[in-house]
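Colleague: Have a look at this one before I ask anything.
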Amino acid sequence: MNAKFSKFFIKILVGFLVLTNLYKFRLINAGYMTEPDERRYLMAWSALKHLMHGDFYGFSSAVFSAQGRPGEILLKMIPASMQFITAKIFDLDFFETRNFYVVFVYNFIIYGLIIWLLYKIYLLVFQHRDLALFGVLVYTLLLNSYVYLRHLYPYDASLLLFLFVLYRLLRLYFDKKKIAPKEAFLLGGLSFFAFLVYPAYNLSFMALFGVFLFVLFQSSHKKFKRTSFVVLTYIFGSISILLFFELFSRLGGKSFIHNALRLSTTVTQGDFWDTPTFIFKYLIAVEGFLGYVFLIIFVLGIFMLYRLIRGKKHSDKVLLAVLLSYTFFYLLYVVLGYYFYAVTLYARILHQFFPIWILLILYVISNIKILYRYILMLSIVMLATAFFFVQMQHYLNISYPRDVYWSYLRSYPRQQIIEISEDSQSWSNLPQKIYRYSDKISDDSIISINTFYFFPMDSSTLYHPFQPKSNQKKIFDKLHFLNFKAYQFEGYKRKSRKLIDSLQLHIKLYKTF
Numbered sequence: 475m476n477a478k479f480s481k482f483f484i485k486i487l488v489g490f491l492v493l494t495n496l497y498k499f500r501l502i503n504a505g506y507m508t509e510p511d512e513r514r515y516l517m518a519w520s521a522l523k524h525l526m527h528g529d530f531y532g533f534s535s536a537v538f539s540a541q542g543r544p545g546e547i548l549l550k551m552i553p554a555s556m557q558f559i560t561a562k563i564f565d566l567d568f569f570e571t572r573n574f575y576v577v578f579v580y581n582f583i584i585y586g587l588i589i590w591l592l593y594k595i596y597l598l599v600f601q602h603r604d605l606a607l608f609g610v611l612v613y614t615l616l617l618n619s620y621v622y623l624r625h626l627y628p629y630d631a632s633l634l635l636f637l638f639v640l641y642r643l644l645r646l647y648f649d650k651k652k653i654a655p656k657e658a659f660l661l662g663g664l665s666f667f668a669f670l671v672y673p674a675y676n677l678s679f680m681a682l683f684g685v686f687l688f689v690l691f692q693s694s695h696k697k698f699k700r701t702s703f704v705v706l707t708y709i710f711g712s713i714s715i716l717l718f719f720e721l722f723s724r725l726g727g728k729s730f731i732h733n734a735l736r737l738s739t740t741v742t743q744g745d746f747w748d749t750p751t752f753i754f755k756y757l758i759a760v761e762g763f764l765g766y767v768f769l770i771i772f773v774l775g776i777f778m779l780y781r782l783i784r785g786k787k788h789s790d791k792v793l794l795a796v797l798l799s800y801t802f803f804y805l806l807y808v809v810l811g812y813y814f815y816a817v818t819l820y821a822r823i824l825h826q827f828f829p830i831w832i833l834l835i836l837y838v839i840s841n842i843k844i845l846y847r848y849i850l851m852l853s854i855v856m857l858a859t860a861f862f863f864v865q866m867q868h869y870l871n872i873s874y875p876r877d878v879y880w881s882y883l884r885s886y887p888r889q890q891i892i893e894i895s896e897d898s899q900s901w902s903n904l905p906q907k908i909y910r911y912s913d914k915i916s917d918d919s920i921i922s923i924n925t926f927y928f929f930p931m932d933s934s935t936l937y938h939p940f941q942p943k944s945n946q947k948k949i950f951d952k953l954h955f956l957n958f959k960a961y962q963f964e965g966y967k968r969k970s971r972k973l974i975d976s977l978q979l980h981i982k983l984y985k986t987f
């Protein structure tokens with residue numbers, strides 16, 4: 475296969491990459507502040523207000539009110555400040571749906587930086603632009619990579635920082651440079667800060683420490699004193715960030731360390747026994763075509779591990795170290811869930827592993843004869859892109875309670891809105907308290923059906939479908955966001971997912987006359 479065809483193939487990959495990622499801008503201005511964890515954004519807004527008024531006590535208190543996630547609050551102050559400005563300029567409510575486009579831009583910039591870093595990592599490991607671009611394209615076509623663009627989550631920001639640490643370690647390895655104590659200190663500090671952005675990515679924090687040790691021992695060989703000093707420096711970098719945030723928290727009358735030890739137990743939502751098979755169910759139910767690709771190549775990759783272990787290339791050793799380090803902690807997490815009932819798996823937990831596991835896919839493909847390699851990659855790209863557009867259409871056809879409020883309900887007085895849930899295990903998801911006057915429906919009432927967040931959805935007996943009367947006209951009807959499969963893998967049990975699928979909840983609005 476000549477160089478001319480390789481350049482042509484790269485242009486095809488770049489074209490697909492640009493087209494599919496530009497199409498994601500259709501996701502703008504929807505979904506924000508929908509799920510409970512997004513309410514932490516209120517703390518970022520509170521921290522910003524305190525800072526603008528010079529209230530450092532209140533600022534510190536707000537930053538450390540997010541269950542051990544001060545890094546998330548500090549970073550979220552960036553889009554919050556942007557929203558504050560756009561709300562003033564365009565006379566919008568701060569939390570109005572139309573004012574969240576700046577948050578989407580913020581999310582997309584982080585997403586773009588992740589894509590750029592992954593390209594650098596894949597190129598560094600495999601030394602082929604076509605393989606690197608293919609790996610990036612596979613990542614961006616995964617629903618798991620872009621489903622959080624519509625939300626106020628810290629996952630991508632944390633992932634970006636961890637990937638940067640990984641890239642620096644790989645860069646040092648391939649440049650055959652020793653890790654200087656200063657760089658070890660900075661990498662340790664940055665890695666711990668990434669952990670403070672989203673503590674559930676402690677798996678990445680530990681896996682990266684394993685990669686750090688591998689790179690260090692490869693460069694230092696038998697120099698025990700120097701190696702020990704650099705390891706301690708990396709650890710001290712992490713401890714320094716911890717101590718900084720502990721002192722920072724004391725300004726607000728709190729102890730970060732004390733609060734962090736009492737983190738929320740919501741990581742135990744879902745099925746403990748489902749942890750070993752969770753990834754397989756997720757890949758098939760959510761990722762569709764690419765999910766099957768992952769499963770098939772995972773199997774091939776396991777059979778090819780012997781080749782990687784015996785490989786003599788400089789890249790083989792570090793690739794094996796990265797894959798084993800991350801996979802070890804993933805399997806440890808599964809064991810803790812299945813045998814010790816300590817944790818359950820969510821899609822957001824898998825989010826940190828997909829960029830790493832794509833390395834295995836690229837390794838398998840790199841060992842295929844070049845003609846068949848291009849045929850396989852092009853086939854995957856074409857089919858995955860087609861599935862992407864179908865999936866995006868489903869994603870665009872769902873509705874979120876708060877968006878419905880800002881589009882249809884905000885112009886009605888509270889007393890005219892009657893909010894009804896078809897399932898009793900739910901709570902209102904509207905941006906302000908709505909009075910329920912189910913027995914006082916007047917001729918000018920709006921009946922809002924299912925503008926709620928539903929959890930745990932574990933009993934069909936609690937479902938009571940709304941039956942409109944003859945004087946109630948439907949003015950809005952769209953699928954509730956929980957029908958989108960990706961959301962069902964964020965803490966819901968298997969029987970809950972089945973129930974949601976069977977009920978097909980809709981958000982509906984009726985006007986009485």
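Counting in my numbering, the sequence shown runs from 475 upward without gaps.
Beta carbons are placed, not taken as given, at the ideal position from N, Cα and C, and that holds for glycine.
I think TYR989 touches GLU657, with their Cβ atoms under 8 angstroms apart; what is that distance to the nearest whole Å?
Modeller: No statement about residue 989 is possible, as the shown extent of the chain runs from 475 to 987 and does not include it.
Colleague: If you measure between the beta carbons of TYR984 and LYS952, is that distance less than 7 angstroms?
Modeller: no
Colleague: Which one or two residues does DSSP pair with PHE718 in a beta bridge?
Modeller: Within the DSSP secondary-structure output, PHE718 pairs in no beta bridge.
Colleague: Tell me, please, which residues DSSP counts as bridged to PHE950.
Modeller: LEU983
Colleague: When burial is assigned at 16 or more other CB atoms within 10 Å of the CB, is TYR909 buried or exposed?
Modeller: No answer about TYR909 holds up, because its pLDDT of 48 lies below 50 and its placement is not dependable.
Colleague: Roughly how many angstroms separate the alpha carbons of LEU977 and ARG847, rounded to a whole number?
Modeller: Each residue's Cα considered, the two are about 44 angstroms apart.
Colleague: Using CA atoms only, rank isn't needed, just tell me which of LEU769, PRO750, ASP748, THR749 is closest to ILE758.
Modeller: LEU769
Colleague: Inspect the beta-carbon positions of PHE667 and ILE715 and report whether they are closer than 7 angstroms.
Modeller: yes
Colleague: Answer yes or no: do ILE981 and HIS954 have a C-beta to C-beta separation smaller than 7 angstroms?
Modeller: yes
Colleague: Applying the 10 Å Cβ sphere with the 16-neighbour rule, what's the burial state of THR935?
Modeller: Looking at its Cβ environment, which holds fewer than 16 other Cβ atoms inside 10 Å, THR935 is exposed.
Colleague: Got a sec, what are the start and stop residues for the beta strand (DSSP E) PHE926 sits in?
Modeller: 926-928
Colleague: May I have the straight-line CA-CA distance separating SER912 from ASP918, to the nearest angstrom?
Modeller: Because the pLDDT of SER912 is 48, which lies under 50, any placement of that residue in the model is unreliable, and the question is left without a value.
Colleague: Quick check on the DSSP output: the alpha helix (DSSP H) that includes TRP747 runs from which residue to which?
Modeller: Looking at the DSSP string, TRP747 is not in any alpha helix (DSSP H), and its letter there is neither H nor E.
Colleague: Examine the Cβ distances between the region 667-682 and the region 616-626 and report whether three or more of them are shorter than 8 angstroms.
Modeller: no
Colleague: So, with DSSP's three-state summary, where would you put ILE653?
Modeller: coil
Colleague: Just to confirm my understanding: we take TYR647, look at its own chain, exclude 5 residues before and 5 after, and list those with CB closer than 6 angstroms. What are they?
Modeller: VAL689, VAL792
Colleague: State buried or exposed for TRP519, treating a residue as buried only when at least 16 other CB atoms are found within 10 Å of its CB.
Modeller: buried
Colleague: On the premise that PHE686 lies in contact with LEU661, defined as a C-beta separation below 8 angstroms, what is that separation, rounded to the nearest angstrom?
Modeller: 7 angstroms
Colleague: Should LYS498 be labelled buried (16 or more other beta-carbon atoms within 10 Å of its own) or exposed?
Modeller: buried
Colleague: So what does ILE891 bridge to, in DSSP terms?
Modeller: ILE920
Colleague: Decide if ASP877 is buried, meaning its Cβ has at least 16 other Cβ atoms within 10 Å, or exposed.
Modeller: buried
Colleague: In the DSSP assignment, find the unbroken beta strand (DSSP E) run with SER944 in it and report its ends.
Modeller: Neither: SER944 is in no beta strand (DSSP E) and is coded neither H nor E.
Colleague: Which residue from LEU834, LEU824, PHE730 puts its Cα closest to that of GLN541?
Modeller: PHE730
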